[in-house]
Amino acid sequence: MKSIIEPAVESPRAAKLAFLIVLDFCVFPVLLWLCYAIRQFDLGAEVVPNLAFGSVWASVIAVVSLFIFGVYRFIVRTYSELFMVKLGLGTSLTVVGLYALAYFTDAFIPTSIPLMFGFLMFAWVWFSRGFIRFIVRSYLQADVQKKRVAIYGAGNAGQQIAAALYNSDEHLPVLFIDDDPSLTGQQLGRLKVYDAETALKVMPKKHIDEILIALPSVGRMRKSEIVKFLEPAHIKITEIPGLTKLVDGEIRVSDIQEVDIIDLLGRDPVPPVPELLAKNIQNKMVLVTGAGGSIGSELCRQIVKNKPKVLVIYELTEFALYSIDKELRLNSDVTIIPILGSVLDQAKLERVMEQYAIQTVYHAAAYKHVPLVECNPLAGLKNNAIGTAFSLNAAVKTGVETFVLISTDKAVRPTNVMGASKRMAELYCQAMAEAQDQTQISIVRFGNVLGSSGSVVPLFKQQIAKGGPITVTHPEVTRYFMTIPEASQLVIQAGALGQGGDVFLLDMGEPVRIQDLARQMIALSGLKVRETGSQEGDIEIQYSGLRPGEKLYEELLIDADNTEVTQHSRILRSYEKMYPLDELLMVFERLNDLTAVQSDIDWALSQLEHYVDGYVRGKEVKVN
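So our numbering is basically just the index in the sequence shown, starting at one, shifted up by 162.
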């Protein structure tokens, strides 16, 4: 039997459609004759030819009516309220058509027959599709082990996805979980509703394989609370996307996705201030350095939404430039100018800024990986500090209106060369802002962004996929986190608040312990942490020790007493120690010469110790 059904199921959709139409066309005349038999009409020899004529026309009318209302477009394996409505409309049109046939022809169709035929026709189509569906499921899915799913959220979205899962080849909805006391204990369709506490006890007995969060409008904080509560179940957690991401507002099985740890760590965003987003961008000539990086590329995405006249994307890496250029052109009608170049080429920067009459510069180009820069201190200093100086020099020389430096929390009392080099870049920007008033210069400082290149999140995902272990540097290490889109929007808004030499700090929320992040990602995967010395669990967390230059925690403020709020709730302004531009120019010129010849690293690091609060060179620093 399976050898017959399987090829039929795998046949082209057109063949299946033709089969259903032919089947209905053959059955409908039988249904019409059955109507006459039920009414026990005495059919004489002279009536039979007319009845045969009417039967053929009844089949034509019925098939055409069902086709008009799209009944044949529905997949046999799918039942829904819409299918019932379409079938009802098709049946009604058929009844009207039969009355018209009786009126305009000699067909022997008594008044009661069309209504009876409509009832039998509806029943036939409904139950025949159900029977085919039953056969297909029985023979083709008998050996398929479906995932048993608990749906968190018994509202409209939850009920929609439950109906979709019933028709899925891979999932079987088993129960609802909901926080509404009025729903607890109720039966919604075939599923019982449990409160969260009871569900934790029931799910092991029900052999639940997956928990699906069906709350498309829930905020990040609440979603994070739900996930944390469900962690002890050690069951994989998935979700349906937010309402804005659903196609036509309908929920499909294909919409199910893994819960993104990035979404849980990120806070509910504060709506941006449109005036601040547009101030330095709308109808202006904008340039982004490091446009192919994690922050630079997201800045570009946010910038094109605010309609600049031209966006110049400046990037050293060819593939990174190609990728962001292609993406921006595909999704925007803004004029994009891709420029391959280094921020250490001041002459080229000047030519580009002058040629395109640049008004706003976002300087995102930087080396940011602490261990790499620690092993290559001169290269890091050159790119981060000298590169910033050259970019700013070019901006001031060509009359750029606004220059925004993208900085980092690692610049605050740094213990590594990367952070110290970024603090030197900040000092140069502050000194230049004090020395001139033509270009408005701002510095925006924030912590780690989730999902960026080198972020722990993609690294942990890879390690979990391989079965572990997950490597964490220290049990107590903490970091601030923010999503890339939120960080980029805040950078743009902070730049618009600048008055000259400002250091802006983005509110990063509460710091996250990296060990807790690893544990949460393991739990989201439906796995269990294997504690040290234990044989139970799936993924082990190993502690590798702090890397050279790495801190247990990061800070955003050098002097917490010298800060003030701004008109944006998540942007603070800080007033910090500055140095004269003349003094810094001499240091930067010497640093540039040292970098060029790769010599005297001790002198370079001594300058970092002198100018950067809190920096003390590491014990071992290689000359690279």
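Positions of the beta carbon are idealized from the N, C-alpha and C atoms, including for glycine.
With a cut-off of 8 Å on Cβ pairs, the region 309-324 is in contact with the region 362-371, counting three or more such pairs. Selection I271, P647, G252, G216 evaluated against E460 yields P647 as nearest (Cα-Cα). Per DSSP, the continuous beta strand (DSSP E) segment holding Q602 begins and ends at 602-608. Taking the C-beta atoms as reference points, R735 is found nearer than 8 Å to E726. When the beta-carbon positions are compared, L589 and Y314 stay at least 8 Å from each other. In the DSSP assignment, P335 falls within the unbroken beta strand (DSSP E) covering 333-339. In the DSSP annotation of this structure, R382 is not part of any beta strand (DSSP E); the continuous alpha helix (DSSP H) holding it starts and ends at 382-392.
The DSSP-derived three-state label of R575 is coil.
According to the DSSP assignment, Y476 belongs to the beta strand (DSSP E) that extends over 472-477. Membership of D664 in the beta strand (DSSP E) is indicated by the continuous run 664-668. In this structure, the beta-carbon distance from A649 to L621 does not fall below 8 Å. Here F565 carries a strand assignment [DSSP, helix/strand/coil]. Annotation: the continuous alpha helix (DSSP H) that includes M515 extends over 508-517. Bounds of the alpha helix (DSSP H) holding L679 are 676-686.
Taking the Cβ atoms as the reference, L689 lies roughly 7 Å from H396, within the contact range of under 8 Å.
Using a Cβ distance threshold of 8 Å, V448 and L473 count as a contacting pair. Around the C-beta of E477, 16 or more other C-beta atoms lie within 10 Å, and the residue is accordingly described as buried. Non-local C-beta neighbours of C462 in its own chain, meaning closer than 8 Å and more than five positions away in sequence, comprise V450, A453, L473, I475, I486, L490, ordered along the chain. Taking a 10 Å sphere around the C-beta of A262, we find fewer than 16 other C-beta atoms and assign the residue as exposed. Straight-line measurement puts the Cα of I200 at about 23 Å from the Cα of T267. Note: F643 is bridge-paired with N610 in the DSSP secondary-structure output.
Closest by C-alpha distance to V389, out of A224, S344, A685, is A685.
When DSSP states are grouped into helix, strand and coil, R735 belongs to the strand group.
Shown here for P576: same chain residues with a beta carbon closer than 7 Å to its own, the five before and five after excluded, namely A582, R585, V774, G776, Y777 in chain order. Within a 10 Å sphere around the beta-carbon of C591 sit 16 or more other beta-carbons, which makes this residue buried. In the structure shown, I501 adopts extended strand secondary structure according to DSSP, grouped into three states.
Taking C-alpha positions only, G232 is separated from A224 by approximately 12 Å. Beta-bridge analysis with DSSP links Q625 to no other residue. Taking all protein chains in view, the Cβ of Y198 is crowded by 16 or more other Cβ atoms within 10 Å, so the residue is classified as buried.
The straight-line gap separating the alpha-carbon atoms of Q704 and P631 is approximately 6 Å. Contact holds between the region 595-609 and the region 561-572, because three or more Cβ pairs, one in each stretch, are under 8 Å apart. In its chain, beyond the 5 residues on either side, L249 have a beta carbon closer than 7 Å to the beta carbon of W288.
The C-alpha of V364 lies about 16 Å from the C-alpha of K398. For T635 and N329, the gap between their C-alpha atoms comes out near 46 Å.
Between L392 and A547, the gap from beta carbon to beta carbon reaches 8 Å or more. Comparing C-alpha distances from Q508 to each of S456, N545, P378, P539 shows the shortest one belongs to N545.
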